[in-house]
Amino acid sequence: MRVAIIGGGAIGLLFSYYLKQEHSVVLYVRSHSQKMEIEANGITVRNQEGLFHTYVQVKFISEWEEDEADLVIVCVKQYQLESLLKDMEFIHGQPSLFIQNGMAHLNIIDRFKLNHVYVGSVEHGAYRENGHTVIHTGIGETKLACYQGRNQKIVNELVQTSNPSFRFCFVDDYKGMLQKKLVVNALINPLTALLNVENGMLIDNPHYYQTFTEMFTEVSTILGLDDEQLYFEHARQICLNTAHNQSSMLKDLEAGRETEIEAILGYLIAEAKRLQVEAPLITALFHLIKGKQLERGGK
Ligand SMILES: NC(=O)C1=CN([C@@H]2O[C@H](COP(=O)(O)OP(=O)(O)OC[C@H]3O[C@@H](n4cnc5c(N)ncnc54)[C@H](OP(=O)(O)O)[C@@H]3O)[C@@H](O)[C@H]2O)C=CC1
Ligand SMILES: CC(C)(CO)C(=O)C(=O)O
1 MRVAIIGGGA IGLLFSYYLK QEHSVVLYVR SHSQKMEIEA NGITVRNQEG
51 LFHTYVQVKF ISEWEEDEAD LVIVCVKQYQ LESLLKDMEF IHGQPSLFIQ
101 NGMAHLNIID RFKLNHVYVG SVEHGAYREN GHTVIHTGIG ETKLACYQGR
151 NQKIVNELVQ TSNPSFRFCF VDDYKGMLQK KLVVNALINP LTALLNVENG
201 MLIDNPHYYQ TFTEMFTEVS TILGLDDEQL YFEHARQICL NTAHNQSSML
251 KDLEAGRETE IEAILGYLIA EAKRLQVEAP LITALFHLIK GKQLERGGK
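Counting along the sequence shown from 1, when you hit position 200 you're at 200 in UniProt numbering, and nothing is skipped either side.
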């Protein structure tokens with residue numbers, strides 16, 4: 001399959017490396033220096049087993065040619081999506097997979113009226129060390145679901161990608177899949193970022209855990225979750241499994257980057273308003289994260 005990957009960040013590099021093993025991959029980046037770096041060094045992945053390299057074709061996003069891919073995997077952050085889709089009208093007709101955390105990207109996708117859309121929930125952990133190196137910190141799987149249109153052949157080709165360190169699995173219910181990840185990110189990311197603690201501390205410290213459970217009550221009410229216990233246990237378990245990780249939001253704040261707070265709590269607050277449900281705790285956390293971003297020179 002011909003796969004186009006947009007964005008050479010942590011996830012874009014990770015997907016490029018693993019998918020290159022079985023597919024034809026073109027990685028689209030926007031900076032000249034990153035293009036040169038990848039052309040010179042290839043892509044390097046570091047995981048528990050060592051350092052691995054591969055070479056992929058790399059192009060500027062401005063060099064996109066129509067019908068160049070069977071599947072476009074969009075690996076930019078949620079807050080970068082709108083301007084990408086505005087600039088790249090030509091990808092609108094192509095089967096595309098969006099892997100952003102949170103659920104706010106669905107509103108953006110809806111506005112652009114794309115034809116064949118898959119959404120994904122990435123359970124890997126990764127961060128970019130430099131323009132061509134990604135550290136694969138946690139091996140999980142990528143869940144895929146159909147959002148608009150359906151081309152089972154494309155999904156099957158990904159599901160059949162056989163590397164045990166990079167599995168895909170198809171799920172029927174896109175909403176349940178995204179909500180499950182949203183609950184995890186809503187409970188873990190803002191609290192760890194504000195408290196400056198590793199994920200496991202939210203369970204170990206009884207005061208933080210109390211807040212974690214109160215946040216869950218608010219999130220669950222907004223999302224109207226049926227099987228509350230299942231969602232709560234899932235989030236608690238991820239916290240334990242990633243006990244020594246720093247959440248992506250904590251890392252973003254520390255590095256002075258914009259966070260994905262709008263995609264996570266911003267989405268939930270908008271839902272709460274729409275449903276006329278009170279959400280004082282997550283609203284406070286939302287503003288505290290926005291405040292921290294401002295303090296560090298962001299928006
Ligand atoms: N990292 C992780 O472990 C996980 C991430 N995710 C999700 O994956 C998404 C991507 O995350 P991550 O890879 O960490 O983020 P990064 O910030 O590392 O990567 C985003 C990349 O997109 C590039 N980009 C932005 N706009 C454009 C554009 N118009 N054209 C071309 N490239 C563009 C950026 O380029 P530049 O470098 O030039 O700014 C950057 O390299 C997020 O939404 C996140 O929620 C989900 C699960 C785990
Ligand atoms: C699962 C978790 C919370 C792991 O840190 C994550 O997805 C993130 O940090 O964004």
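Note that beta-carbon positions come from the ideal geometry of N, C-alpha and C, so glycine has one too.
1) Is there contact here, the segment 82-92 with the segment 38-56, by at least three beta-carbon pairs under 8 Å?
2) Report yes or no: do the segment 193-210 and the segment 144-159 share at least 3 C-beta pairs separated by less than 8 Å?
3) Hey, Ile264 and Ala186: beta-carbon distance below 8 Å or not?
4) For a test of the three-state rule: what should DSSP assign to Arg274, helix, strand or coil?
5) Three-state secondary structure (DSSP) at Thr242?
6) Take the Cβ of Leu294 as the centre, count every other Cβ of all protein chains shown within 10 Å, and call the residue buried at 16 or more, exposed below.
7) Whole angstroms are fine: how far does the CA of Ile5 sit from the CA of Glu218?
8) Between the beta-carbon of Leu158 and the beta-carbon of Leu144, is there less than 8 Å?
9) Is the separation between the beta-carbon of His132 and that of Gly266 shorter than 8 Å?
10) Less than 6 Å between C-beta atoms, sequence neighbours within five positions excluded: which residues of the same chain meet that for Asn47?
11) The alpha helix (DSSP H) spanning Asn41 covers which residue range?
12) Report yes if the C-beta distance between Thr161 and Leu19 is below 8 Å; otherwise report no.
13) Just to confirm the assignment, what range does the beta strand (DSSP E) spanning Thr259 have?
14) I'd like to know whether the C-beta atoms of Tyr17 and Val45 end up nearer to each other than 8 Å.
15) Which of the three DSSP states is assigned to Lys77 in this structure?
16) Given a cut-off of 8 Å on the beta-carbon distance, is the pair Leu71 and Leu97 in contact?
17) Can you tell me which of Val183, Val197, Ala255, Ala243 puts its alpha carbon nearest to the alpha carbon of Leu230?
18) So, helix, strand or coil for Glu65, using DSSP?
19) Within the continuous alpha helix (DSSP H) that includes Glu218, where are the two ends?
20) Report buried or exposed for Pro280, applying the criterion of at least 16 other Cβ atoms within 10 angstroms of its Cβ.
21) Taking the straight line between their C-alpha atoms, what separation do you get for Trp64 and Glu278?
The short version:
1) no
2) no
3) In the sequence shown, the residue the question calls residue 264 occupies position 264. In the sequence shown, the residue the question calls residue 186 occupies position 186. Yes, the Cβ-Cβ distance between Ile264 and Ala186 is below 8 Å.
4) Sequence index remark: in the sequence shown, residue 274 carries index 274 (1-based). It is helical.
5) Start at 1 with the first residue of the sequence shown, and residue 242 comes out as number 242. The answer is coil: DSSP assigns Thr242 none of H, G, I, E or B.
6) Taking the first residue of the sequence shown as position 1, residue 294 is located at position 294. So Leu294 ends up on the exposed side.
7) Within the sequence shown, numbered from 1, the residue matching residue 218 stands at position 218. Within the sequence shown, numbered from 1, the residue matching residue 5 stands at position 5. Taking the straight line joining both Cα atoms gives about 36 Å.
8) The residue labelled residue 158 in the question sits at position 158 within the sequence shown. The residue labelled residue 144 in the question sits at position 144 within the sequence shown. Closer than 8 Å, so yes.
9) As a working mapping, residue 132 is identified with position 132 in the sequence shown. As a working mapping, residue 266 is identified with position 266 in the sequence shown. No, the Cβ-Cβ distance between His132 and Gly266 is not below 8 Å.
10) In the sequence shown, residue 47 corresponds to position 47, counting from 1. Excluding residues within five positions, the ones whose Cβ falls inside 6 Å are His136.
11) The sequence position of residue 41 within the sequence shown is 41, counting from 1. Counting along the chain, the alpha helix (DSSP H) containing Asn41 begins and ends at 32-41.
12) Looking up residue 161 in the sequence shown gives position 161. Looking up residue 19 in the sequence shown gives position 19. Going by C-beta atoms, Thr161 is nearer than 8 Å to Leu19.
13) Position 259 of the sequence shown, counting from 1, holds the residue named residue 259. From DSSP, Thr259 is part of no beta strand (DSSP E); its letter is neither H nor E.
14) Looking up residue 17 in the sequence shown gives position 17. Looking up residue 45 in the sequence shown gives position 45. It is a contact, given that the beta carbons lie within the stated cut-off.
15) The count along the sequence shown starts at 1 and reaches residue 77 at position 77. Coil.
16) The residue you call residue 71 lines up with position 71 of the sequence shown. The residue you call residue 97 lines up with position 97 of the sequence shown. Yes, the pair counts as a contact, with Cβ atoms nearer than the cut-off.
17) For the purposes of this step, residue 230 is taken as the residue at position 230 of the sequence shown. Among Val183, Val197, Ala255, Ala243, the Cα nearest to that of Leu230 is on Val183.
18) Locating residue 65 in the sequence shown gives position 65, where the first residue counts as 1. Looking at Glu65 - three-state DSSP - the assignment turns out to be coil, as it is neither helix nor strand.
19) What you label residue 218 is simply residue 218 of the sequence shown in a count that begins at 1. Looking at the DSSP string, the run of the alpha helix (DSSP H) that includes Glu218 is 206-223.
20) Position 280 of the sequence shown holds residue 280. Counting Cβ neighbours within 10 Å, Pro280 comes out exposed, since fewer than 16 surround it.
21) Walking along the sequence shown from the start, residue 64 turns up at place 64. Walking along the sequence shown from the start, residue 278 turns up at place 278. Approximately 45 Å between the Cα atoms of the pair.
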